[in-house]
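Trainee: So in my numbering, spot 225 of the sequence shown is number 225, and the numbers just go up one at a time. Structure incoming, see below.
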Amino acid sequence: MLSILRYCGLLILSATIVSACNNQQKENSVQIEKPVAARHPDSPLVNHIYTADPSAHIFNGKIFIYPSHDTSTGTPQNDNGDHFDMLDYRILSMDSINGAVTDYGSAFKLSDIPWAGRQLWAPDAAFDGTNYFLYFPAKDKQGIFRIGVASSAHPEGPFVAEPEYIKGSYSIDPCIFKDDDGTYYLYFGGIWGGQLQRWNNNKYDSAGALRKAEQDAILPRVAKIKDMKTFAEPVREIKITDSSNNLFKEKDNDKRFFEAAWMHKYNGKYYFSYSTGDTHKIVYATGDSPYGPFIYRGVILNPVAGWTNHHSIIESGGKWWLFYHDVVRSGQTHLRNVKVTELKYNADGTIQTITK
Ligand code: FUB
């Protein structure tokens, strides 16, 4: 198996590969050679760039992955996550879980977004039957995280951003979910660097603080989407409780919501999964409505190498798969690699905990 870096070491193998190393554009799309049997289950999907926050979907019979594109801009590390200073998105696809991975080059850049100032964080994507939509968080010119939407006729882009962010949107980590009746919901939110603590009753307070240990934990948000580009209703909070229907407190930080929402359905139940942030787990809660309430069920993924933990879950080839990231390759918190591993359900619908 030849990695892009080895190609670069050989310097002159092909103009296509050199273009990839130079972070060139879509027209220089790259097919990365990864024969089916060669990728170790714990290997990154790609090695020539850093990728994180994978949102996977099946479009046109292929697996498309919409990740953050991690990069080093030299921004110093701080508690707000300013060192996660991403400048564009690169979309990956593969025909099957172990198949070759295609990187289509830069699909969408920060400089193409009229309202955005910095930091393209974890995106997600949807297809409405005609067009593909990329939902993404970025800080606006005032430094407030908002969620934007961009569209394309192709799953790999290039995407064109709407001139304004989604009205009423805030914070980070959008997850777009299509229910069986065709309704789309956008889940979002992230505390700390994701600024969710600054939003109460959908009003912004720049002094909004993190909750104290004994206070109720901050809740993730959801809104129904219309026309793929607009909130159809005021943003709602999503209740996550223990099995006695008690909301978690901030001190329950190995169970309470932090960031990285994902929604999927299994056997008619809604599975809302998320990162616990400072305790570094991916956990899940289940419910009977896309709005919740959701009851906490357990851990999907124990902490991986690196501070952040982020995931998505899809079914492909008759099995379920967890896409996630870690920093094994770089050893640096903001330079992550996307990986995939099998996810298994028990007969009662609970999910078996994965430890990497
Ligand atoms: O990639 C930047 C941020 O790190 C994401 O938005 C969070 O979910 C965490 O993975």
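For each residue, glycine too, the CB sits at the ideal point set by N, CA and C.
Please go through the same chain and pick out, in chain order, the residues whose beta-carbon is closer than 6 angstroms to the beta-carbon of Arg256, but skip the five residues on each side of it.
Mentor: Result list for Arg256: Ala217 and Phe248, in chain order.
Trainee: Under a three-way DSSP split, which group does Gly61 fall into?
Mentor: Gly61: coil per DSSP, three-state reduction.
Trainee: Using DSSP with H/G/I as helix, E/B as strand and the rest coil, what is Trp262?
Mentor: Strand at Trp262.
Trainee: For Ile196, does the three-state DSSP call read helix, strand or coil?
Mentor: Just to set this straight, residue 196 is Leu in the shown sequence, not Ile. Here Leu196 sits in helix by DSSP.
Trainee: Got a sec? Which residues, its chain only, sit under 7 angstroms from Asp140 by beta carbon, not counting five neighbours each side?
Mentor: Result list for Asp140: Trp115, Ala116, Gly117, Arg146 and Tyr165, in chain order.
Trainee: Within a Cβ cutoff of 8 angstroms, which residues of the same chain sit near Pro290, ignoring the five residues on either side of it in sequence?
Mentor: Within the same chain, Pro290 has close Cβ partners Phe177, Asp179, Thr183, Tyr185, Val222, Met263 and Tyr270.
Trainee: Would you say the beta carbon of Ala260 is closer than 6 angstroms to some non-hydrogen atom of the ligand FUB?
Mentor: Yes; taking the cut-off as 6 angstroms, the Cβ of Ala260 has a heavy atom of the ligand FUB nearer than that.
Trainee: Among residues of its own chain, excluding the 5 on either side of Val299, which ones have a beta-carbon nearer than 6 angstroms to its beta-carbon?
Mentor: Excluding residues within five positions, the ones whose Cβ falls inside 6 angstroms are Lys281, Val283 and Thr353.
Trainee: What does DSSP give as the partner residues of Ser312 in its beta bridges?
Mentor: DSSP, once it has assigned bridges, lists Phe323 as partnering Ser312.
Trainee: Tell me whether Ile12 is buried or exposed, calling it buried when 16 or more other Cβ atoms sit within 10 Å of its Cβ.
Mentor: Legend: pLDDT at Ile12 = 30, less than 50; position of this residue unreliable, no value from coordinates given.
Trainee: Run the CB neighbour count on Asn200, radius 10 Å, all protein chains shown included, and call it buried at 16 or more, exposed below.
Mentor: Its Cβ having fewer than 16 others within 10 Å, Asn200 is exposed.
Trainee: Restricting to Cα atoms, I'd like to know which of Val304, Val338 and Ser273 is closest to Gly292.
Mentor: It is Ser273 whose Cα lies nearest to the Cα of Gly292.
Trainee: Near Ser243, which residues of its chain fall below 8 angstroms by C-beta distance, leaving aside the five closest residues on each side in sequence?
Mentor: Counting only Cβ-Cβ distances below 8 angstroms, and skipping sequence neighbours, we find Ile295 and Tyr296.
Trainee: If I measure Cβ to Cβ from Thr341 and keep anything under 8 angstroms in the same chain, skipping five residues before and after, which residues do I get?
Mentor: The residues are Pro41, Asp42, Trp321, Leu322, Tyr324, Ile354 and Lys356.
Trainee: Does at least one heavy atom of the ligand FUB sit under 6 angstroms from the Cβ of Ile172?
Mentor: At least one heavy atom of the ligand FUB is nearer than 6 angstroms to the Cβ of Ile172, so yes.
Trainee: Can you list the beta strand (DSSP E) stretches of 3 or more residues lying completely in the segment 204 to 244, in chain order?
Mentor: Qualifying beta strand (DSSP E) stretches, in chain order: 221 to 226.
Trainee: If Asp128 and Ser55 are in contact, beta carbons under 8 angstroms, what's the gap, nearest whole angstrom?
Mentor: With 8 angstroms as the limit, Asp128 and Ser55 do not qualify as a contact, their Cβ atoms being about 16 angstroms apart.
Trainee: Measuring only from the beta carbon, is Ala122 closer than 6 angstroms to any heavy atom that is part of the ligand FUB?
Mentor: Within the cutoff, so yes.
Trainee: Are there 16 or more other CB atoms within 10 angstroms of the CB of Ile58, so buried, or fewer, so exposed?
Mentor: With fewer than 16 Cβ atoms within 10 Å of its Cβ, Ile58 is classed as exposed.
Trainee: Please list the segments of the beta strand (DSSP E) lying wholly inside the segment 120 to 180, counting only runs of 3 or more residues, in order along the chain.
Mentor: Within the segment 120 to 180, the complete beta strand (DSSP E) runs of at least 3 residues are 124 to 127, 132 to 140, 145 to 152 and 175 to 178.
Trainee: Since I believe Gly317 is in contact with Ile97 (beta carbons under 8 angstroms), could you give me their beta-carbon distance rounded to a whole number of angstroms?
Mentor: 6 angstroms between Cβ atoms; contact.
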